[in-house]
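As they're listed, the protein sequences go chains R and S. The first sequence lines up with residues 0 to 743 when you count with numbering that gives the first Met the number 0. The second sequence lines up with residues 0 to 188 when you count with numbering that gives the first Met the number 0. Virtual Cβ for every residue (Gly too), placed ideally from N, Cα, C. All figures in this text were calculated on a predicted structure; none of them were measured in a lab. Let me begin by presenting the structure, written as structure tokens, before commenting on it.
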Amino acid sequence: MPHNPERQEGKPVPRVRIDRLVRSSVLFLLLVFVAGYFLLRKATNFSWLYITNSVLLSSLFLINAILILTLVTLLMRNLIKALVERRRGILGSRFRTKLVFSLLLLWLIPSMIIFWSALHLIQRSVDRWFNDPMDRLTEASQQIVDTYYGEARKRGAAFAREVARRLAEQDVARPQTRSAIHETLGALLREYHLDLVALDLGHDPPYVVVDPHVPATGNLQDIPANLREQAFRGEPFVTMSDYHGGMLIRCGHPVRASPEGPARAVAIVGVYVPRDLARLAASVSRSDQDYRQMRTQKVQIKRVYIMVFALITLVVLFSVTWIGLYLARRITDPIQTLLHGTREISSGNLDYRVEVDAGDELGILVESFNRMTAELRTGKDTIERRNLELSASNRELVERRRYIETLLDSVTVGVVSCDRHGRVTTVNRAALRLLALEHGLDLIGRPLPSLLPPEGGRAIDELLGEAFAGAGQSAVRGLELSIGGKTCMLAVGATSLRGDAGEPLGAILVLEDLTDLMRAQKIAAWREVARRLAHEIKNPLTPIQLSAERIRKKYAEKSRDLDEIVEEGTAAIVSEVATLKNLVDEFTRFARLPAPNPVATSLQEVIAASLSLYNGVHSKVTITPICDPDLPSVRLDPDQMRRVLVNLLDNAVEAMGGQGSVTIEARRDPSGSVRLEVADDGPGIRDEDRDRLFLPYFSTKKKGTGLGLAIVHRIVSDHHGRIRVENNRPRGARFVIELPTAAA
Amino acid sequence: MKAGPGLLTICLITGLSAAPALGSPAITHLAAERNGDTFEASCRLEGALTPDVEEEIAAGLSTSIEYRLNLYRKRTAFFDQVVVKHRIECTTRYDTLTKQYTLTRRLDGELQETRVTDDPAAMRGFMTELHGVPLVRAEELQPGEEYYLKAKSNLGLLWRFYLIPWPRDTDWERVDLALTGGKGVATQP
């Protein structure tokens with residue numbers, strides 16, 4: 000089951016969260032810039048009251064303070080975190096810190112330059128707004144308006160004083176009808192060409208008379224109560240108020256019965272400023288007011304700009320820091336996850352998969368890592384499967400080896416395996432027994448010939464050589480070893496072991512104890528010899544006995560032909576005795592066959608010497624010698640070997656009935672031995688005679704002694720060679736003699 | 000170098016805490032008088048109308064001064080009980096065309112008085128003097144208890160270190176309430 004490191008440890012920030020943070024920050028920045036834009040728009044519209052509002056400034060200060068604190072906290076947190084992570088050896092902390100502070104420094108310098116430049120520009124710009132010419136211009140404009148309105152106010156005040164005097168003279172405060180008061184006021188209006196005349200008696204609504212060219216009085220505002228009270232206290236007042244788009248200047252003056260008396264009423268005179276003029280004056284005054292307000296807020300304006308730019312700078316720095324952290328995380332998180340993955344992999348968790356959504360080179364790296372992990376998983380599975388298979392196979396091999404060892408230990412045949420250098424690799428119990436080797440002796444790795452007596456060692460060495468040279472064919476040899484004071488006869492077969500390419504890997508030797516068999520065979524052979532010898536001796540004895548009895552009978556009868564009978568009888572007895580003597584001589588010769596005296600001999604010469612005996616003897620027999628020109632000289636007893644060839648040639652000529660062809664071929668065998676073959680085209684040898692062919696006194700001939708081939712076998716064996724008989728092609732028999740290279 | 004941040008912090012705190020004293024506005028002549036069956040408060044605000052403020056007013060900016068009057072009943076072993084809390088806001092707006100000050104006074108948000116004057120002295124008096132502000136009816140006070148009046152004024156913001164807004168308030172001024180009909184007057188600052 001694949002692991003998810005993000006869910007497991009929560010170290011790497013999920014990308015969804017990061018994207019949300021990025022979107023939020025972008026939105027926040029957008030809002031800040033939009034707010035800044037509208038703030039600047041407001042600033043250009045000179046609505047400074049809004050900008051210089053304390054709440055706004057406080058809000059800006061608060062935002063800036065929060066941003067500074069957040070920025071400092073963020074940086075400090077990052078620094079502390081980096082220090083802690085560095086101490087813990089977490090990968091990427093150093094890189095993250097460097098990236099964040101590099102970006103911050105990279106942006107801090109230009110941001111501060113821009114910030115200070117902007118501040119300087121603002122200072123100069125704001126100072127330029129409020130220069131002397133502008134002051135003088137607005138002041139002059141306002142003075143015009145002030146002068147105009149001042150004159151109007153003065154004129155109104157003067158008329159109010161005059162109207163108040165006239166009304167006091169007419170004792171207008173006395174009780175009289177309303178129409179009378181209106182008439183009096185109307186007369187004064189007309190007399191002084193006033194726009195409005197009013198009389199406030201204090202207890203009723205003021206009596207008001209308005210000039211016809213002045214708009215109706217429907218919207219005439221009440222005079223503030225404090226001014227009326229002021230007037231009744233004896234102090235004149237002037238008040239101005241909007242009136243139908245124009246400006247109405249109302250001047251109040253107390254009406255006293257005497258100069259020091261209390262005010263009994265208030266005379267009010269109005270001067271109406273027409274709409275166009277009033278609007279123009281109001282516009283000038285408003286401009287002057289705005290300008291003066293701005294001038295008083297000059298410091299605040301600078302402060303606002305500074306705070307706005309500080310806010311922008313801080314937002315930029317904050318964003319840069321945040322982006323730096325984001326970028327660093329985008330790089331370090333996959334690396335941390337990869338590192339975690341490598342630790343998981345090294346701990347053996349090959350099912351671990353790194354799940355990082357990275358689209359760049361890191362994504363390729365992560366993908367390669369996951370692919371590598373999957374391949375490792377597959378490889379491990381394969382190795383485990385192979386390991387299981389190998390374990391099973393090994394177990395099977397061990398069982399098979401034990402079985403073979405048991406089998407080998409159970410068989411009575413000795414089995415020894417050697418490597419290509421003749422060193423023992425395995426040996427079974429029977430072999431140890433046959434070779435009289437100690438069971439506990441460490442034989443493995445030692446050369447087999449060195450473990451045997453010298454003559455046996457040489458024979459084994461030769462046999463191994465034959466086996467290695469024999470291209471898979473077995474080399475068999477009988478060995479007579481004197482081991483432990485006993486002489487034993489072993490049949491040793493060596494077979495080379497070869498690899499698939501045919502290279503020699505070693506050899507396996509099979510040793511069979513033939514001592515008892517040979518002894519039994521010898522006993523049987525000698526029994527046969529004795530039987531045949533008795534038979535051969537008995538054959539002449541019968542004629543001798545018959546001849547002697549015939550002579551004795553004739554002598555007793557005193558037969559006339561006694562002389563003839565004696566002559567014939569003695570002749571027969573002498574002949575048979577001669578036969579007996581010949582028989583005994585041959586046997587003696589076989590029995591006394593001397594040990595060979597090997598010398599370096601040319602086999603061609605031996606063949607030639609043998610063939611010379613037959614020159615002109617058998618006219619109808621063709622003897623063809625074929626000798627390998629590269630045939631080396633051979634160590635053998637030339638006289639005995641010549642006798643072997645003569646015996647074989649005699650047999651061949653006799654078998655062919657004195658007519659036919661004989662081939663003598665000598666060549667080097669691929670195994671290294673010398674091969675000598677004598678082939679004829681006679682009737683051949685029956686299969687049932689082949690096993691007994693080399694036994695003494697076995698003969699298929701009527702006049703044979705049966706010792707010829709036995710002597711041949713004896714001589715060849717004495718030369719450590721082998722002889723066998725095969726069918727010749729197309730007819731006849733072929734005697735094959737193999738002489739080992741050691742003897743050659 | 001190590002003492003740098005600490006020193007900076009001390010200077011900042013000292014500078015900020017000393018900020019109110021630099022403007023020196025203060026409530027004076029705080030008094031709580033019994034007028035008939037009602038206790039009324041009066042006070043003056045000194046140092047509020049600085050030249051800068053005067054200039055702002057003359058430029059037509061609406062300027063306000065807020066007074067806070069709190070009447071407490073003393074309690075032992077516990078926080079004093081607030082009997083009455085009043086917030087008086089005095090506002091002036093100068094019309095450069097008519098050369099008149101429009102003065103308004105609100106008590107706890109309700110308009111109490113509107114005046115128009117062209118006299119700067121009258122405007123100053125209106126903004127910095129309170130007279131006859133009703134606090135509480137005498138019958139609402141418990142005999143034998145001790146009461147006192149605290150007053151302060153909020154004058155908006157001033158700026159420390161050019162960029163740090165700081166409330167430009169006066170300290171709380173206190174005067175005991177004389178239930179016997181006498182006049183309680185705060186000590187002069």
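Secondary structure note for G269 (chain R): its beta strand (DSSP E) is the uninterrupted segment 262-272.
Chain-order list of chain R residues neighbouring R159 (chain S): empty, with the shortest C-beta distance near 11 Å, by a criterion of under 7 Å.
With fewer than 16 other Cβ atoms inside 10 Å of its own Cβ, E168 (chain R) counts as exposed. Judged by DSSP secondary structure, G362 (chain R) falls within the alpha helix (DSSP H) whose first and last residues are 360-409.
Chain S has a Cβ within less than 7 Å of the Cβ of N225 (chain R). Residue-level contact check: E54 (chain S) touches chain R, since one or more beta carbons of chain R fall below 7 Å from its beta carbon. Among the residues of the region 69-100 of chain S, those with a Cβ less than 9 Å away from any Cβ of chain R are Y93, D94, T95, L96, T97, K98, Q99, in the order of the chain. Residues of the region 271-285 of chain R with a Cβ closer than 7 Å to any Cβ of chain S, in chain order: A280, A281, S284. Interface residue (Cβ-Cβ distance to chain R less than 7 Å): A58 (chain S) is classified as such. In the three-state reduction of the DSSP assignment, A58 (chain S) falls in the coil class.
Straight across, the Cα-Cα distance linking H119 (chain R) with V33 (chain R) is about 23 Å. Around L129 (chain S), no beta-carbon contact reaches into chain R at under 8 Å, the shortest distance being about 17 Å. Here the alpha carbons of S140 (chain R) and A277 (chain R) stand approximately 14 Å from one another.
Between F38 (chain S) and L154 (chain S), the C-beta spacing is not below 7 Å. Not a single CB atom of chain R sits nearer than 7 Å to the CB of R67 (chain S). Residues of the region 162-179 of chain S with a C-beta atom less than 9 Å from some C-beta of chain R are L162, I163, P164, listed in chain order. Residues of chain R with a Cβ closer than 8 Å to the Cβ of V115 (chain S) are, in chain order, P223, N225, L226, T238. Residues of the region 124-158 of chain S with a C-beta less than 8 Å from any C-beta of chain R: G155, L156, W158, listed in chain order.
What I305 (chain R) touches in chain S, judged by beta-carbon distance under 9 Å, is Y161, L162, going in chain order. In the three-state reduction of the DSSP assignment, R165 (chain R) falls in the helix class, which pools H, G and I.
Counting the other CB atoms within 10 Å of its CB gives F77 (chain S) a total below 16, which places it among the exposed residues. If you look at S416 (chain R), you'll find it in the beta strand (DSSP E) that goes 413-418. Within chain S, the residues T95 have their CB atoms less than 7 Å from the CB of D287 (chain R), given in chain order. Interface criterion not met: the Cβ of Q169 (chain R) is under 7 Å from no Cβ in chain S. The straight-line gap separating the alpha-carbon atoms of I67 (chain R) and L313 (chain R) is approximately 7 Å.
A distance of 7 Å or more separates the beta carbons of E687 (chain R) and V735 (chain R). Proximity of Q292 (chain R) to chain S, defined by a Cβ-Cβ separation below 7 Å, is satisfied.
Assigned with DSSP and collapsed to three states, W525 (chain R) falls in helix. The continuous stretches of alpha helix (DSSP H) do not include F77 (chain S), and DSSP gives it neither H nor E.
For T72 (chain R), the nearest beta carbon of chain S is not closer than 7 Å to its own beta carbon. Burial state of D441 (chain R) is exposed, judged by a 10 Å Cβ sphere holding fewer than 16 other Cβ atoms. Assignment of beta-bridge partners to K151 (chain S) by DSSP yields S:R67. Taking a C-beta cut-off of 7 Å against chain S, none of the residues of the region 106-119 of chain R qualify. The continuous alpha helix (DSSP H) containing W106 (chain R) extends over residues 92-128. By the 16-neighbour rule on beta-carbons within 10 angstroms, E398 (chain R) is exposed. With respect to chain S, the C-beta atom of S140 (chain R) has no partner C-beta closer than 7 Å.
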